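Some notes on the structure that comes next.
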Amino acid sequence: MNWKLHSAVAIYLISFALPVIEINALSEPKVLYGWEAALGIANMSEAFQSMNWFDNKIILIIQMIWFNLANPLILIVIIMSYANSKNERLKWTLGTIALLSAFSWFPYMITLIMYYFSFGYFCWIIGILMIYFYSNGSSFKRPAKNA
1100 MNWKLHSAVA IYLISFALPV IEINALSEPK VLYGWEAALG IANMSEAFQS
1150 MNWFDNKIIL IIQMIWFNLA NPLILIVIIM SYANSKNERL KWTLGTIALL
1200 SAFSWFPYMI TLIMYYFSFG YFCWIIGILM IYFYSNGSSF KRPAKNA
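Take the sequence shown: its position 126, counting from 1, is numbered 1225 in this note's numbering, and each next residue is one higher.
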């Protein structure tokens, strides 16, 4: 197994212990860590609705599902990598969807960067990007059909 993939997984896991955002609730700052954000995103309905671009509940549900795909899919990619799965195209597809889902948070995090630099979010993104790259044989190219 590639030591670079091990370090990518380590960065990804460490990102859950790092602060993601600072919330000022009635002038009492509260730091939200990566693991809290990962577990709590489905429960943040009011906060999530405030950043929703549409008032449609169906679109809100689709948006919540899309934003929550990154962690489960990248975990599947990690498991497939450590299990030496031969289905490289599936691993690449799941990694691509996970990466796109993770990057969909980027506009939201950029709006917050003026107030709080989210070190945990950027480590999370870098970890997912590295896992995607190193689990695909150090390439971003789609594997051949026979691979």
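All residues carry an ideal CB built from backbone N, CA and C; glycine is no exception.
Computed from a predicted structure; not experimentally measured.
Pairwise C-alpha distance: Lys1190 and Val1176: Between the C-alpha atoms of Val1176 and Lys1190 there is a straight-line separation of about 6 Å.
CA-to-CA distance, Leu1138 to Ile1224, given in whole angstroms: Taking the straight line joining both Cα atoms gives about 17 Å.
DSSP bridge partner residues for Glu1121 (one or two, in chain order): Val1130
Own chain partners of Leu1193 with C-beta closer than 6 Å, once the 5 adjacent residues on each side are dropped: Leu1172, Ile1175, Val1176
Same chain, Cβ closer than 8 Å to Ser1203, five either side skipped, listed in chain order: Trp1165, Phe1166
Proximity below 8 Å, CB of Ala1197 to CB of Leu1168: yes
Spatial distance of Trp1102 from Lys1185 (CA atoms): 19 Å
Length-filtered (4 minimum) alpha helix (DSSP H) runs lying within the segment 1159-1198: 1169-1181
Whole-angstrom C-beta distance between Ser1180 and Ser1234, which should lie under 8 Å: 4 Å
Through-space distance from Lys1156 to Tyr1111, alpha-carbon basis: 32 Å
Nearest-angstrom Cα separation, counted from Ile1178 out to Met1163: Those two C-alpha atoms are separated by around 24 Å.
Rounded straight-line distance, which links the Cα of Ile1227 to that of His1105: Cα to Cα, the separation comes out at about 12 Å.
Start and end residues, alpha helix (DSSP H) containing Trp1223: Segment 1218-1234, the alpha helix (DSSP H) holding Trp1223.
Length of the line joining the Cα atoms of Tyr1231 and Thr1195: 7 Å
Residue range of the unbroken alpha helix (DSSP H) whose run includes Trp1102: Start and end: 1102-1113.
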